[in-house]
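Each remark here refers to the structure printed beneath this line.
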Amino acid sequence: MGFQLFERDNKKVLVTPIGEEVLRRASDIMLRLEELERLADTLKTPLSYPISVGLIPTIAPYLLPRVFPELKHRYPHSQVAVVEEQTHVLLEMVRSGEIDTAIIALPFPCDGLLTFEFWAEDFYWVAPKGDKLARRDQITSKELAHTNLMLLKEGHCLKEHILDVCKMPEPQANHGFGAASLHTLVQMVLNDMGTTLIPEMAIEQLTSQYSQLTTVHLNEPSPHRRIAFVIRPNYTRMNSIEALLEVCRKTLEEHRRGI
């Protein structure tokens, strides 16, 4: 190519700075060639070919059990591979072509990507039934400031969304505790270690089996978070994204209506 791509001796091989740039551009070229090859897929039935979907941990366990049965019913030959990661990781995977799409919670910076919202929901306060505020229908962020509120650890966008909706500074939440999952937070509430906030879609799975817990709607401007698919601008399989989006919206709406 007229310049050195590697430095090597009898023990190791290193990529030169210009070699790094060649690799980056070559990866981009290969991605675009792959998308050209996929153009023919747009003429096929939606989800008639494998598709990879990334989901964040505060969506995946609560959305997938509802979506998969309906997906298999409508598209029995669908092949959906699922990746669970935090938002910033998923967005880089979408940009690089490592996965086809991701389902994330907004607001979140998605520079260079397209978002398609399909759901919006609020947060609910989870507390022991014996708590003095547990009999309320609504609770405000001002009242939450006086509770032992526990949130997810740093890196989870749900934590940032809650702090933003509640206009609550970081030191007012967690009290030295940061969990990696909503399930862990609910277990902590069960053991009288504090209270927490969870999204609407997680209520049934996380709290319905515990009679000693109650959920109270967070009375702050709605919606508290918006759920969306994220894709690359030049993505060629939009018919599959549209099919997934419709299935997700339908199942969530039916669940909200109690069907």
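Its first residue numbered 26, the sequence shown is counted upward by one per residue in the working numbering. For every residue, glycine included, the Cβ atom is placed at its ideal position computed from N, Cα and C. Here the structure is a predicted model, which means the values were calculated and not measured.
Taking 9 Å as the threshold (C-beta atoms), are residue j and residue i in contact?
i	j	result
V40	M26	no
T221	D156	no
Q163	V241	yes
A227	A130	no
V272	I128	no
T140	G79	no
L56	S103	no
F148	L210	no
T261	C182	no
R257	P132	no
L177	T83	yes
K184	S236	no
S166	E225	no
L72	S265	yes
With respect to the beta strand (DSSP E) encompassing residue i, which residues constitute its N-terminal and C-terminal limits?
i	result
P146	Reading off the sequence shown, one finds Glu at residue 146, where the question assumed Pro. First-last of the beta strand (DSSP E) with E146: 139 to 146.
L169	Segment 166 to 169 is the alpha helix (DSSP H) holding L169; no beta strand (DSSP E) there.
S77	76 to 80
K268	First, the amino acid is wrong: residue 268 is Ala here, not Lys. Note, A268: premise wrong, no beta strand (DSSP E); alpha helix (DSSP H) at 263 to 282.
I223	220 to 224
T172	Careful: T172 lies outside any beta strand (DSSP E) and carries neither H nor E.
R250	250 to 256
E109	105 to 109
Between residue i and residue j, what straight-line distance do the alpha-carbon atoms span, to the nearest angstrom?
i	j	result
G201	N173	With a pLDDT of only 47 at G201, under 50, the local geometry of the prediction cannot be trusted, and the value read off the model is given with reservation. Their Cα atoms are separated by approximately 11 Å.
L169	I187	11 Å
I124	V114	11 Å
K275	L88	11 Å
N259	V108	21 Å
V105	P86	15 Å
L96	K36	51 Å
A145	M175	23 Å
L231	D34	56 Å
L64	L58	10 Å
I223	S52	39 Å
V38	V119	29 Å
I81	F28	42 Å
P90	L269	14 Å
V190	N216	26 Å
G44	I54	15 Å
E267	E32	47 Å
P94	E62	30 Å
E279	E229	14 Å
What residue range is occupied by the uninterrupted alpha helix (DSSP H) comprising residue i?
i	result
P86	85 to 99
L72	L72 -> no alpha helix (DSSP H), and no H or E assigned at all.
I228	228 to 232
E245	First-last for E245: undefined, no H or E at that position.
E185	182 to 191
E123	Looking at the DSSP string, E123 is not in any alpha helix (DSSP H), and its letter there is neither H nor E.
Can you tell me which residues form a DSSP beta bridge with residue i?
i	result
P153	L238
R33	V38
I128	L80, F254
A205	None, per the DSSP bridge assignment.
Q163	H242
Measure from the C-beta of residue i to each C-beta in chain C and report whether the shortest distance is under 9 Å.
i	result
S166	Within the model displayed, chain C is absent; a lone protein chain is all it includes.
Answer yes or no: the CB of residue i versus the heavy atoms of the ligand HEM, is any distance below 8 Å?
i	result
K69	Ligands are entirely absent from the displayed structure, and the ligand HEM is therefore not among its contents.
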